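*Asks:*
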Amino acid sequence: MNQKALKLMSHLMGRSETKLGLKAIDRLFKFGIPFNSPHKIKMRSISNELVAMELPLIRANKNHLGTMHACAIATVGEFCAGVLLIKNLDPSKYRVVMTNLNVTYLKHGASDLGARCEQAATTLSQAREQLQNSASTEITLETNIFNKTDEICAKVVTTWQLKNWNKVKKHR
Numbered sequence: 003m004n005q006k007a008l009k010l011m012s013h014l015m016g017r018s019e020t021k022l023g024l025k026a027i028d029r030l031f032k033f034g035i036p037f038n039s040p041h042k043i044k045m046r047s048i049s050n051e052l053v054a055m056e057l058p059l060i061r062a063n064k065n066h067l068g069t070m071h072a073c074a075i076a077t078v079g080e081f082c083a084g085v086l087l088i089k090n091l092d093p094s095k096y097r098v099v100m101t102n103l104n105v106t107y108l109k110h111g112a113s114d115l116g117a118r119c120e121q122a123a124t125t126l127s128q129a130r131e132q133l134q135n136s137a138s139t140e141i142t143l144e145t146n147i148f149n150k151t152d153e154i155c156a157k158v159v160t161t162w163q164l165k166n167w168n169k170v171k172k173h174r
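3 is the number of the first residue of the sequence shown in our numbering; add one for each residue after it.
1) Which term fits C82, buried or exposed, when burial requires 16 or more other beta carbons within 10 angstroms of its beta carbon?
2) Tell me whether E80 is buried or exposed, calling it buried when 16 or more other Cβ atoms sit within 10 Å of its Cβ.
3) What number of angstroms, rounded off, separates the C-alpha of V158 from the C-alpha of L103?
4) Using a Cβ-Cβ cut-off of 6 Å (strictly less than) and excluding sequence neighbours within five positions of K169, which residues of its own chain qualify?
5) If contacts are defined as beta-carbon pairs under 8 Å, then A62 and H41 qualify, I think. What distance do you get, rounded to the angstrom?
6) Please determine, among A129, N166, P93, the residue with the shortest C-alpha to C-alpha distance to E140.
7) Cβ of I48 within 7 Å of Cβ of K9?
8) Would you kindly report the start and end of the unbroken beta strand (DSSP E) that includes Q163?
9) Is T124 helix, strand or coil when you go by DSSP?
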């Protein structure tokens, strides 16, 4: 995304706890991250400590067995954690890049799935403080993927590099 889109995202994140703000963020991400669009992931809530999403069991998300595809589960887990970081760190000031993804599948997803990434405010504020004193830092987040009966189907662990845009070397 370009700097203008990142500033818009930052502005909308300030309104993420309203229904209209959530809808606007949902639309911006569908446009800004074309890869996620076919998955029809729905934002359910965004706060400073929790992001919740829903992944529908639709044809685009199914595997050959008719259950949720492993990659769709990984995508919603990564997306959920990334949004939590963007909510807490201004995306126009900090670059957020995933450096590691690990998924543990516990049950097959035979229905729509929910995703929740929850992190204590202290952990996120520590990352912000580290960025004040160094060029970059890393943070690891866990997203739980659960079915309609609230059983955990998968755990998605992502590691992110956070870096001030001023410290990023330009690509050529």
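Glycine residues also receive a C-beta, built at the ideal position from the N, C-alpha and C atoms. Values in this document were obtained by computation on a predicted structure and should not be read as measured data.
*Replies:* With the given structure in hand:
1) Counted from its first residue, the sequence shown places residue 82 at position 80. Classification for C82: buried.
2) Start at 1 with the first residue of the sequence shown, and residue 80 comes out as number 78. E80 is buried by the Cβ-count criterion.
3) Residue mapping note: residue 158 aligns to position 156 of the sequence shown, counting from 1. Residue mapping note: residue 103 aligns to position 101 of the sequence shown, counting from 1. Distance between the alpha carbons of V158 and L103 is about 7 Å.
4) Translated into positions along the sequence shown, residue 169 becomes position 167. Closer than 6 Å at the Cβ level, and outside the excluded window around K169, lie A137.
5) In the sequence shown, residue 62 corresponds to position 60, counting from 1. In the sequence shown, residue 41 corresponds to position 39, counting from 1. Contact between A62 and H41 holds: their C-beta atoms lie close to 6 Å from each other, under 8 Å.
6) Position 138 of the sequence shown, counting from 1, holds the residue named residue 140. Ranking A129, N166, P93 by CA distance to the CA of E140 puts A129 first.
7) Along the sequence shown, one-based indexing puts residue 48 at 46. Along the sequence shown, one-based indexing puts residue 9 at 7. Remark: C-beta atoms of I48 and K9 do not approach each other more closely than 7 Å.
8) In the sequence shown, residue 163 corresponds to position 161, counting from 1. Counting along the chain, the beta strand (DSSP E) containing Q163 begins and ends at 154-166.
9) Locating residue 124 in the sequence shown gives position 122, where the first residue counts as 1. In the three-state DSSP reduction, T124 falls in the helix class (H, G or I).
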